[in-house]
Structures are given as C-alpha cells and as structure tokens.
Amino acid sequence: MSQEPGHYDKVQAQEKWQAFWEADRTFEPLDDGSRERRYVLDMFPYPSGDLHMGHAEAYAMGDVVSRYLRLKGFDVMHPIGWDSFGLPAENAAIKHNTHPSEWTYANIETQVRSFKRYGLSLDWSRRLHTSDEEYYRWTQWLFLRFFERGLAYRKDSYVNWCPKDQTVLANEQVVQGHCERCGTEVTKRKLNQWYFTTTDYAQQLLDDMQQLEGGWPEHVLAMQRNWIGRSEGAHVQFAIEGRDEPVTVFTTRPDTLFGATFMVVAPDSELAQELVTAAQRPAFDAYLEQVKKTTEIERQSTEHEKTGVWLGLSATNPVNGEQVPVWAADYVLADYGTGAIMAVPAHDQRDLDFALKYDLPVRTVLDVDGTDPAVTGVATVGDGAYLNSGLLDGLTDKLSGVSTIIAQLEEQGTGTGTIQYRLRDWLLSRQRFWGCPIPIVHCEQCGEVAVPDDQLPVKLPDLRGAALAPKGISPLAAATDWVATTCPRCGGPAKRDTDTMDTFVDSSWYFFRYCSPHFADGPFDVEAVRNWMPVAQYVGGVEHAILHLLYMRFFTKVLRDMGMVDFDEPMLKLLNQGQVINQGRAMSKSLGNGVDLGAQIDEFGVDAVRLTVVFAGPPEDDIDWADMSPASSLKFLQRAYRIASEVTSTPDVDFAAGDAALRKATHKAIGEISQLIESGRFNVAIARTMELVNATRKAIDGAAGPADPAVREATMFIAQSLSLVAPYVAEEMWEALGLPPSIANSIWPAFDESLTRDDTVTMVVQIQGKIRGKLEVPADVTEEAALELALADEGVQRSLAGREIVKVIARLPKMLSLVPGK
1 MSQEPGHYDK
11 VQAQEKWQAF
21 WEADRTFEPL
31 DDGSRERRYV
41 LDMFPYPSGD
51 LHMGHAEAYA
61 MGDVVSRYLR
71 LKGFDVMHPI
81 GWDSFGLPAE
91 NAAIKHNTHP
101 SEWTYANIET
111 QVRSFKRYGL
121 SLDWSRRLHT
131 SDEEYYRWTQ
141 WLFLRFFERG
151 LAYRKDSYVN
161 WCPKDQTVLA
171 NEQVVQGHCE
181 RCGTEVTKRK
191 LNQWYFTTTD
201 YAQQLLDDMQ
211 QLEGGWPEHV
221 LAMQRNWIGR
231 SEGAHVQFAI
241 EGRDEPVTVF
251 TTRPDTLFGA
261 TFMVVAPDSE
271 LAQELVTAAQ
281 RPAFDAYLEQ
291 VKKTTEIERQ
301 STEHEKTGVW
311 LGLSATNPVN
321 GEQVPVWAAD
331 YVLADYGTGA
341 IMAVPAHDQR
351 DLDFALKYDL
361 PVRTVLDVDG
371 TDPAVTGVAT
381 VGDGAYLNSG
391 LLDGLTDKLS
401 GVSTIIAQLE
411 EQGTGTGTIQ
421 YRLRDWLLSR
431 QRFWGCPIPI
441 VHCEQCGEVA
451 VPDDQLPVKL
461 PDLRGAALAP
471 KGISPLAAAT
481 DWVATTCPRC
491 GGPAKRDTDT
501 MDTFVDSSWY
511 FFRYCSPHFA
521 DGPFDVEAVR
531 NWMPVAQYVG
541 GVEHAILHLL
551 YMRFFTKVLR
561 DMGMVDFDEP
571 MLKLLNQGQV
581 INQGRAMSKS
591 LGNGVDLGAQ
601 IDEFGVDAVR
611 LTVVFAGPPE
621 DDIDWADMSP
631 ASSLKFLQRA
641 YRIASEVTST
651 PDVDFAAGDA
661 ALRKATHKAI
671 GEISQLIESG
681 RFNVAIARTM
691 ELVNATRKAI
701 DGAAGPADPA
711 VREATMFIAQ
721 SLSLVAPYVA
731 EEMWEALGLP
741 PSIANSIWPA
751 FDESLTRDDT
761 VTMVVQIQGK
771 IRGKLEVPAD
781 VTEEAALELA
791 LADEGVQRSL
801 AGREIVKVIA
811 RLPKMLSLVP
821 GK
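What the sequence shown shows, in full-length UniProt numbering, is residues 1 to 822, in sequence order.
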C-alpha cells in the first residue's frame, strides 16, 4: 500500500477489503455439509433512513459472534434483509406524492452501502425484503394455512385508533395515551378485525421456555411469562336478574366468594350492552363514550382513578344467595377472561378503591393482619384465617379453602376449576396501504373465502400520493377496481379484504426464508431449515422482548404442527444490546444531542468506531457516546498494525523455538479470549487483546526482537482477535505478515494449556492458622518436598520453636498448614 511504513490507512483499507470480500464472496457459507453449520442472525433492520449509532452497536455485536464462529471452523450463515413494509414509508409517500416503494427501496440502497462500509460479515446472496412480491406471496400463503387450521378469524372489537394515522394500534404502540409515531391522542373504535389465535398456544409458549433457560436473558423470559400470565382458578356462574343465562367470571381466589359484594363488567363489552337496563341506558352510553377516550394500558394503571356506572340490575352470588349490584367500570377489560369479574373489595385494592368511591359494601373474609380495609382504605392481600365465609370459617389453609369452594361450585353446577391466561389473540389487521394484503375475498353467498394458492400473491394496486391519504378506512377500500373481484368458490361478485397485515407477521417467519431465500415451491425449503436451524445466536434490542419474540415463537409452533419444522423454538441464544445515548439522554433532534454515525466513521474509521462500541461495556449496557474516545481506539489500532509491520520472521517459522514468556502470554490470551467471547463478554476480550499487544511490543523492543517466532505467533493471534471487531486493520495485519487473504478464512489457534502453566508457585506456610512464610516452590511440588522446604525456612523455624509437627494439611502447590504439638 502507498503509505508510510507501520501506518494503517483506514480509508484505503476499507475500500480495498470491501472490494475483496465482494469479489471473493468471502462470507457466503459453503452449505454443503462439509462443516458443522451455525446460523447467526441480527434482528431485521427497518429502512427508515441511513444507519445510526444504535445500528453501529447492534450489528457490531452480531458480527463478533459470526466472525468468531467462522474462525472456529464452522460453516456460518449470517444473512441480511429488510423489514420493508410499514407506516413511515406510507407517510413519506403521501408527503412527497410518490409510491411507498420508491422511498423504501431508496432507503434500503442507502443502508446497503453503509452496511458494506461497516465491514459486516454478511451473506449478501440471501438478501430479502418483506415488501417484495416473492416474499409476501408466502406471507399470504402462511396466512391461509393458519386460516384453514382455524387460527385466523375475524371479530368485532374495540381497538386503539390513531385519528391522524387512521389505523389500529397495538397497546405497545400507545404511549401515555398517544400514538408513538405521531403523538396524536388515541381513541377507541369498534372495528371488524382479523386475529391469530395465539391463545391456543399459551401453555406451549410457557412450557417451552424451559428450552431457552441459559440461552436467553432471564429478564426476557420473565417478561414473556408475565405477558402470557397463566392463572389457576375457577369459572364461577352468577345468575343475572331477568336473564336466562348466567354470567361466568374467572377468579384466582374462589375461596373469597363470600366477600364478593358486587360484580363489574367491561363497559366496552357485548355483555354490558346486553345487560344494561333501559332506565340506565343514557347514563351508560355517556359513560362508554368517556371510556373510549382512554387506552387499555391507562385503564389498567394503578394510578388511574377508577370510574363506573350501575347497569340497573343485580346478580346472585352462588355461594350465599346474596343479591349483588352489577356495574360497568373501566378497570375491567373486554378481552380479558369473560369481560366480567366478581369484586371482593376487602382483598383487592382496585375493587376497594371502586367500592369506597361508590359507597359499595366491603366485607372482610380473610383475617390477614387484623385490620378492616373499609376503615384503612388498604386491601389486605395474602392468606389468613377465613371468617364470614360459611363452610370455610375456621380454616387457615388457602389450598383447602380453594378446593372446598370449587367442589361446592361443581356440585351445585355453578362453577368449575380452570386455568386462564392474560395473553390475548393477536390483532393483525391494519387500515393502511403499505403492508401485505390479506388474501381473503368476501362473498354475500359464501362468506369469507380464501384466495386460491395459484392466484397468490394478491398484489397491491399502484396507489401513490394523495390516494394514500388516511380516510378513516384503508386506502385500499377506495381502489374500487382492485376491490371488486369474483368469488373463487361460486364465481359470483365478491370484494377483496381491504386491510393489510401487521408488519409483525412479516418478521415472524423471515428467519426461515433466509435458509432458502429463492425457493419457489413454498415459503422455505424444509430440508434447508433442518440443516441450519434453530438459530445459534439471535441479536437485537430488548424493546422486542415481548411481542416480536412471542409472535415468532408462536409461528414456529404452528409450522411445527404443520410438519414443516422439527423443533419447538427458533432461537437457541438471545443477546440484547443496550442503547447508544449521548450526554446521559437518548439521542434526538429535539435535544440536539444526535451523533452522526457516518461523520464518526469519516473521522476515525470503521474499525475505531466498532472497537469503541464493543469495548465500551457489556453488550446489554447502554453506551454514553459523550464518554467514548474513538480517537484512542484509532491510536491503539495503529499500535497493533505497527507490530505486524515490524515482524521479520517467515510464515513457516517454528513457534516452539520462540520466547517462552511471550508464548505463555499468547496462549493464556487464546484460552481466556475464547471463553470471554463464548460467554458474551466481548469488552473484556478486547482488554485481553490490548494486554497481548503490550506484551508483544515489549518483546519486540526487548531481547526477543521482531524476528522471534513467538512474536509472529502473538501477532497472528492479535490480528485474529481484532478481526472480530476491527476487520479492516486485521486484514492489513494479516497481509503484512505475509499470509494469504482473507483472515476470515483462517483458523482460530488451539489453546495449549501446557504453555500456560507456571514453573513455580508462591506457597503460603501457615502455623495454627497464621501465615509464617511464603516460599517459591515448583508447581508440581510433592507434600514431602514442600514440608522439607517449609521446615528449612527461618521464619517457620522461629514460629515452631522446636515443637514437633503433629499434623500437616496440604493444599498444594499454594498452601501448607502445620499443626505443632504443645
């Protein structure tokens, strides 16, 4: 290279090795079975602009794993693609009077250039985009298989609605009552929506987490368990005044039924509409309009002031025959359980707050701490002696109380023991254009009819600009020529479904497609998936810890039941990276604290930026860029390169003839860094590499010199270790050592433990528990020799004062304890 000796030109190196990797197809796996396979996957990027500092950290972490596994001899697949449907592209198309695809694919090409510049070991031959017709054809195909199995259905329900973006929002897309994208206050709207029956797999989703323990962060597993929310309890039937059928409620504490003094129904449920009396209808309707302005998350908040309205009738408590009033209240949700609860205010704080506000009875049925919740305003929770509870009075054991009441209910025919989940079915309809069309037609004669497989994909029409503007319904509904079709079953007139799918659907199966991205006979080649999956390492942000991970697990279990995959869980290991912040706060334009990734790379080079983000701390920790120094990283990389440029031994030199001290340091580093990488402690691995650079520099400048074989051995491993985070300088070092490209094709050196053993060890000599001497002894010293050396030591002799040794406790080679006689 045309540069001064010992200097690494970051710009020239980047251009040179990008071109080499692309021409050489360095990072495409062999995929021929000659090596054991490993699949490393980064979470799908969204093409919302160029790469930012968050991308810099996330993709650097995944690349460490991918490159390390390659060097360990595995055939590694590390693919890339784009989650390219979604609302930002549609909003941009409206603003610029264009088609969403133009904004989307232009951004993708920008990110492609940045990904390549960033030196990631990606297999570009497997690149895919979820908005490509060849991809969403198979998203539709999978939807239809779910539909055939009864796992996709439509129903009317109240949903979160953004008036500005004119679409349904998931609960997680509502922040403090406002749309997370545009900030508009969210309302409630009743729509007919498509759902996936995730609840059918609730128990499997819980049980199979045992397979993920140790591979996934424990807090992520806890979040998934809490979201699924398994509860054991009973279904209890309350007879309703003037209604033939009783109302069933679920409770985890049927043993507190004697304390149920009122019933609460979700105001936005069909049940509330049915139960409310004519006299109470005006008050109820006004209250329902008020409830529609709050989100489910707000309604569930402990800080939210609970409100309600009496429905004008009573229910009968099945264990004591008491008449209890039936209310509608906002703290009960229509989609949880049956949409109705029994209220036991003495022992549930939400019920107590409501009872005290509306002057409803409070009856204590568990003596937990001797207090009266009606007086203290604090519900007593936990277990205690039963009172005011009929046949339970005198019992103190909760299990006995629960089983006794369930037995009574079942004998009366007014209840049964059961299990319930907090998990709800997945609402997947979206009222926007830029998404995968739902492949269903609606026929007045035949109802909902699947589009035949040979007519897939149902393509999006060519709408753009003003035609995409929100109108309260999906823009597709206005495309009358596209909507009008014929029924595949009867041949009569029919209409296409005008909703599109939530983009979470696209990202719930993309990892299967990567195994055979050009497969034309199905969503993926079953054999290819069996060869590559499950994924060995998944990398992405903890913000996806619930929904994305839950949905992809659900998809995998359905595909397993369809016989298309032969495993339960798609991702064996999960690594969550932290955020890159600046000056203690998240980066944002409004705060003026953004850091431009491209500018950082221009100034310091890719290697220095990558080294900085990985060295900053454990992968899961946040990085404050204000505290980082990519300039220092660049100086270190120049030092490392200078070592490689000074090595004068030939590639075929015998390492065994090298400096013993440096060989020991090198093999200690090989052993430690291997363990650190495999345990996800990448930052500590870099620290060990830096220590080896210092040791090698000292050897070159000292007695060993640049020609010593141990210097070459150490420098080769430094280059390999650095290649995980700083690939360009590593390639330059490898080339300077006279080795063939690419370093990515080299083999991680074997750890020789015999070279790391110490020749001598400091042995502590204790007498009656007190240290009386420290001796340098051979690492393989025998007890007889150790005792002889200890007794010859002057300090030990003084402490013994001529006393006879009656007991020797040896923990060789580090400790010898002597017990003298009196």
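The beta carbon of each residue, even a glycine, is placed where N, CA and C say it ideally should be.
For this session: Could you have a look at V765 and say whether DSSP puts it in helix, strand or coil?
Result: strand
For this session: List the residues that DSSP assigns as beta-bridge partners of S817.
Result: Q766 and I809
For this session: Following the continuous beta strand (DSSP E) through A328, name the residue where it begins and the one where it ends.
Result: Q323 to A329
Problem set entry | Sequence-distant residues of its chain with Cβ nearer than 7 Å to L812 (five each side left out) | V781, E783 and A786
For this session: On a CA-only basis, which of P534, L676 and A695 is nearest Q211? Give me that one, please.
Result: P534
Problem set entry | Inside the segment 543-603 only - alpha helix (DSSP H) runs reaching at least 4 residues | 547-561
Exercise. Roughly how many angstroms lie between the CA atoms of V309 and V332, to the nearest whole one?
Worked result: 13 Å
Exercise. With respect to the alpha helix (DSSP H) encompassing K188, which residues constitute its N-terminal and C-terminal limits?
Worked result: Note, K188: premise wrong, no alpha helix (DSSP H); beta strand (DSSP E) at T187 to F196.
Problem set entry | Within 7 Å, strictly: CB atoms of A484 and L611 | no
Exercise. If you draw a straight line from the alpha carbon of A450 to that of S84, how long is it in whole angstroms?
Worked result: 25 Å
For this session: Could you check the C-alpha separation between D9 and S125 for me, to the nearest Å?
Result: 29 Å
For this session: Return helix, strand or coil for F115, following the three-state DSSP convention.
Result: helix
For this session: Could I get the ranges of all uninterrupted alpha helix (DSSP H) runs contained in the segment 705-763, with 4 residues as the minimum, in chain order?
Result: 709-723 and 727-736
Exercise. Relative to the C-alpha of W227, which residue among T199, A106 and D397 is closest?
Worked result: T199
Exercise. Q577: buried (16+ other C-beta within 10 angstroms of its C-beta) or exposed?
Worked result: buried
Exercise. Between the segment 540-554 and the segment 70-86, do at least 3 Cβ pairs fall closer than 8 Å?
Worked result: no
Problem set entry | Chain-order list of residues whose beta-carbon lies under 7 Å from that of H304 (same chain, five-residue window excluded) | E298
Problem set entry | Contacts around D187, its chain only, beta-carbon distance under 7 Å, and the 5 residues preceding and following it disregarded | Per the sequence presented here, residue 187 reads as Thr, with Asp not at that position. W161, P163, K292 and K293.
Exercise. Relative to the C-alpha of S516, which residue among W17, F20, G81 and K16 is closest?
Worked result: G81
Exercise. Does the beta carbon of V249 fall short of 6 Å from some heavy atom of the ligand ZN?
Worked result: Questions concerning the ligand ZN fall outside what the structure shown contains, since it holds no ligand whatsoever.
Problem set entry | Enclosing beta strand (DSSP E) for M342 [first to last residue] | A340 to A343
Exercise. If you scan the segment 266-332 from start to end, which runs of the beta strand (DSSP E) of 3 or more residues do you find wholly inside it?
Worked result: 308-316 and 323-329
Exercise. With respect to the beta strand (DSSP E) encompassing N160, which residues constitute its N-terminal and C-terminal limits?
Worked result: A152 to C162
Exercise. Smallest Cα separation from E90: which of T762, L476 and T648?
Worked result: L476
Problem set entry | Alpha-carbon spacing of L87 relative to M53, whole angstroms | 23 Å
Problem set entry | Beta-carbon contacts of Y39 that lie in its chain and below 7 Å, excluding the five residues immediately before and after | M77, W532, M533, V535 and A536
Exercise. If you follow the alpha helix (DSSP H) that F615 is part of, which residue opens it and which one closes it?
Worked result: V606 to F615
Exercise. Taking buried to mean at least 16 other C-beta atoms within 10 Å of its own C-beta, is S2 buried or exposed?
Worked result: With a pLDDT of 39 at S2, under the threshold of 50, the predicted position of this residue should be treated as unreliable, and no value is reported.
Problem set entry | Paired residues, beta bridge with S799 - DSSP | For S799, which the question treats as bridged, DSSP gives no partner whatsoever.
For this session: Over the uninterrupted beta strand (DSSP E) stretch that includes G417, give me the two end residues.
Result: G415 to Y421
Problem set entry | Any beta strand (DSSP E) of 3 or more consecutive residues that is wholly inside the segment 478-553 | 484-486, 493-496 and 537-541
Exercise. Which same chain residues, not among the five before or five after V777, have their C-beta less than 7 Å away from its C-beta?
Worked result: T760, V761, M763, A786, L789 and P813
Exercise. DSSP three-state call for Y8: helix, strand or coil?
Worked result: coil
Problem set entry | Rounded straight-line distance, which links the Cα of R424 to that of Y551 | 12 Å
For this session: Could you work out which residue in S389, P318 and T307 is closest to A355 when comparing CA atoms only?
Result: T307
Exercise. Helix, strand or coil: which one does DSSP assign to H78?
Worked result: coil
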